[in-house]
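A.B. asks: Here it is, the structure in full.
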Amino acid sequence: MFFCCHTERLNFYLGIQFLFFFNILVYLFFTSLNPVEPLWNNPGKTPIQILHEYGIKSGNHPMFMMEKAEGQAHQPSFVFSVTVGDVTCVGQGPSKKAAKHQAAEAALNILYTDAGAGHVAATGLSNAAETNNHLPNSVGLLQELALQRGWRLPEYTVLRETGPPHIREFTVTCRLESLSEKAAGNSKKAAKKAAAEKMMAKLQSLSGCSEVTWNPKPSVQFDTIRSSTAEKINLLRRNPLSIPNMDYIQLMLELSLEQGFEVTYFDIDELTVNGQYQCLAELSTSPVTVCHGTGISCSNAHNDAAHSALQYIKIMVSSK
């Protein structure tokens, strides 16, 4: 009787151990087939880095697009979307980088959840990669080119949406370093692709041949501007920026030419809650400077953004 009970108990424990190790093996097997690693398993990498690695492995390159930029110059708010294959997620943050990180993290969580089927997900991604190899994608090619050359990744911004719901037209801007191209399409994806194609054509045109050899203009360090003793920067240090009816756009242009950085204005299609026009002024400084402006017209919004940017530079060059 004792022997019988002892044998049954032993078999029970052996069965428990077998199930435990079997579950571990199943987990490891499906995890190895899953192209998306859990975010918490990569503490040394940002969500954007992990998502780009996933894109390289799967053939589905993540595409970030700025959907909205609002708020004041001292407290901006950015909204970015990211599309990876059929997955699209949105992130919001006080900087472009923070908003992109939020969007990338949300996409990773969805991709990791959706890939729970293991081999099914891996097979689907493999087929997608094979298909992408046969169909050249201008968006993917432009991104790969930027990675190869060490440039900042292309940035896509939805400028406007027009037309009735059944025949919408989207206008998207593609920015790569100091270059900008705009294109329209019947979907965000189509407009983005057209803008990327125009950017590739521009790069080839600037290179003068079919192979892209264009080098972007290097950004200007704030330390360099701070140590400058040139005329315009000294005037900015000494004079107040509260003079009525001042042409701040012209003042910014003169300063940028003197210091060697570029200024780009981006019109935002949405009006403010008060019905004013909005825009962003981006300076090719290092780190990049982005300032928000509003006004009763586009030109007034540009002037306001230039004013905010000049105030920011004045503070930066005056600080020790």
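Per full-length UniProt numbering, the very first residue in the sequence shown carries number 1; after that it's consecutive. All C-beta atoms, glycine included, are put in the ideal place defined by N, C-alpha and C.
1) Between the Cα of Ala230 and the Cα atoms of Gln221, Val220, Leu206 and Leu255, which residue gives the shortest distance?
2) With a threshold of 6 Å on Cβ separation, who are the neighbours of Ala305 within its own chain once the five nearest residues in sequence on each side are excluded?
3) Name the two residues that bound the continuous alpha helix (DSSP H) containing Arg237.
4) List the whole-angstrom C-beta distance separating Leu257 from His307, where the pair is believed to meet the contact cut-off of C-beta under 8 Å.
5) Tell me, which residues are paired with Leu280 by DSSP?
6) By how many angstroms is the C-alpha of Phe222 removed from the C-alpha of Ile167?
7) For Leu206, does the count of other Cβ atoms within 10 angstroms reach 16, so buried, or fall short, so exposed?
8) From Gly275, Leu147 and Gly163, pick the residue whose C-alpha is nearest to that of Ile56; which is it?
9) Work out the CA separation of Glu105 and Pro38 for me, nearest whole Å.
10) Going by beta-carbon coordinates alone, are Ser319 and Ser219 separated by less than 9 Å?
11) Any idea which residues DSSP pairs Met66 with across the strands?
12) What whole-angstrom Cβ distance do His101 and Pro154 have, given they're in contact under 8 Å?
13) Within the same chain, show all residues whose beta-carbon is closer than 8 Å to that of Ala103, passing over the 5 residues directly before and after it, in chain order.
14) With DSSP run on the structure shown, which of helix, strand or coil describes Ala301?
15) Tell me whether Gln75 is buried or exposed, calling it buried when 16 or more other Cβ atoms sit within 10 Å of its Cβ.
16) How is the beta strand (DSSP E) around Gly55 delimited, first residue to last?
C.D. replies: With the structure as the only source:
1) Here the closest residue by C-alpha is Leu255.
2) Excluding positions up to five away in sequence, the list reads Cys279, Ala281, Cys291 and Gly293.
3) For Arg237, the enclosing alpha helix (DSSP H) starts and ends at Glu231 to Arg238.
4) The beta-carbon distance between Leu257 and His307, rounded to whole angstroms, is 18 Å. This is too long to meet the 8 Å contact definition.
5) Paired residue(s): Phe266 and His292.
6) If you take the alpha carbons of Ile167 and Phe222, they lie about 46 Å apart.
7) Counting C-beta atoms within 10 angstroms of its own C-beta, Leu206 has fewer than 16 neighbours from the protein chains shown and is therefore classed as exposed.
8) Ranking the options by Cα distance to Ile56, first place goes to Leu147.
9) Confidence in Pro38 is poor, its pLDDT being 47 and thus under 50, which makes the residue's placement unreliable; the coordinate value appears in the next sentence. CA-to-CA, the gap between Pro38 and Glu105 works out to about 10 Å.
10) Against a cut-off of 9 Å, the Cβ pair of Ser219 and Ser319 comes out as no contact.
11) Beta-bridge partners assigned by DSSP to Met66: Phe80 and Thr157.
12) Between His101 and Pro154 the beta-carbon gap is near 18 Å, outside 8 Å, which marks them as no contact.
13) Closer than 8 Å at the Cβ level, and outside the excluded window around Ala103, lie Phe64, Phe80, Ser81, Val82, Cys89, Val90 and Gly91.
14) Under the three-state reduction of DSSP, Ala301 is assigned to helix.
15) So Gln75 counts as exposed.
16) Residue range Pro47 to Ser58 is occupied by the alpha helix (DSSP H) that includes Gly55, with no beta strand (DSSP E) assigned at that position.
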